[in-house]
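Position 84 of the sequence shown, counting from 1, maps to 84 under this note's numbering, and the rest follow consecutively.
Before any comments, here is the structure.
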Amino acid sequence: MSLNNLSQQLISDLKLQPHPEGGFYRECHRSEVVVQRSDGQPRQACTVIDFLLPAGVVSAWHRVLGAEEIWHYSAGAPVELLRQQPGGRVETLELGPFPQPTWQLIKADQWQSARSLGDWSLVHCTVSPGFCFDDFELIAGDGRTD
């Protein structure tokens with residue numbers, strides 16, 4: 001897949017790196033406050049990343065165990081965000097510039113997937129308690145394409 005010039009520029013300017021789920025990211029904040037999750041594991045209170053989804057790049061189905069994730073729209077095209085509800089029903093959400101919702105919540109342990117609805121989308125993702133790759137589950141090769 002070839003990225004358009006603006007996506008390449010954003011990756012360079014924001015110092016983003018490939019994310020295992022797809023897309024490109026950079027951790028912006030990791031709280032100094034440590035909290036204890038319900039399972040007793042210590043985690044930072046929250047983490048925040050910049051996350052870029054260029055056209056044709058999909059955030060594959062994944063979930064974060066024991067932590068909620070809030071997607072905040074920042075720039076570019078709106079984002080299609082899928083989240084699986086209890087019982088398996090998949091809900092399609094969008095986030096983007098006003099008047100669209102500018103944020104969406106993914107509950108702890110909830111499966112999610114996303115894609116840009118244009119050339120590129122830049123969002124910020126806040127995870128609380130803070131993100132740890134030990135809590136990250138990914139369905140590799142989920143077959144979702146743009």
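A virtual CB, placed ideally from N, CA and C, is assigned to each residue, including glycine.
Determine the closest residue to residue i out of the options, with distance taken between C-alpha atoms.
| i | options | result |
| --- | --- | --- |
| Thr126 | Arg30, Leu3 and Ser7 | Arg30 |
| Asn4 | Pro20, Pro54 and Glu21 | Pro54 |
| Arg89 | Ser59, Gln110, Ser116 and Gly96 | Gln110 |
| Val64 | Ala108, Gln100 and Ala45 | Ala108 |
| Pro86 | Tyr73, Gly76, Ile106 and Glu69 | Ile106 |
| Ala140 | His62, Asp13, Leu52 and Tyr25 | His62 |
| Leu52 | Cys46, Gln44, Pro78 and Val35 | Pro78 |
Given a cut-off of 8 Å, decide if residue j and residue i are closer than it, judged by their beta-carbon atoms.
| i | j | result |
| --- | --- | --- |
| Leu95 | Gln104 | yes |
| Glu113 | Ser59 | Sequence check: residue 113 is Ser here, not Glu. Yes, the pair counts as a contact, with Cβ atoms nearer than the cut-off. |
| Asp50 | Leu82 | no |
| Ser7 | Trp120 | yes |
| Arg115 | Glu80 | yes |
| Leu138 | Glu27 | no |
| Trp71 | Val33 | no |
| Asp135 | Gly66 | yes |
| Val48 | Gly23 | no |
Which residues does DSSP pair with residue i in a beta bridge?
| i | result |
| --- | --- |
| Ser12 | Bridge partners of Ser12: none, in fact. |
| Ser128 | Glu68 |
| Phe136 | Val64 |
Go to residue i, then tell me how far its beta strand (DSSP E) extends in each direction, as first and last residue.
| i | result |
| --- | --- |
| Arg43 | Pro42 to Gln44 |
| Ala114 | Gln112 to Ser116 |
| Gly24 | It should be pointed out that residue 24 corresponds to Phe in this sequence rather than to Gly. It spans Phe24 to Arg30 - the beta strand (DSSP E) in which Phe24 sits, taken as one unbroken run. |
| Val48 | Thr47 to Pro54 |
| Leu3 | Unbroken run through Leu3: none, as it is neither H nor E. |
| Gln104 | Trp103 to Ile106 |
| Arg37 | Taken as a continuous stretch (DSSP letters only), Arg37 belongs to no beta strand (DSSP E), as it is neither H nor E. |
| Val79 | Val79 to Gln84 |
| Arg90 | Note that residue 90 corresponds to Val in the displayed sequence, not to Arg. Per DSSP, Val90 belongs to the beta strand (DSSP E) from Val90 to Leu95. |
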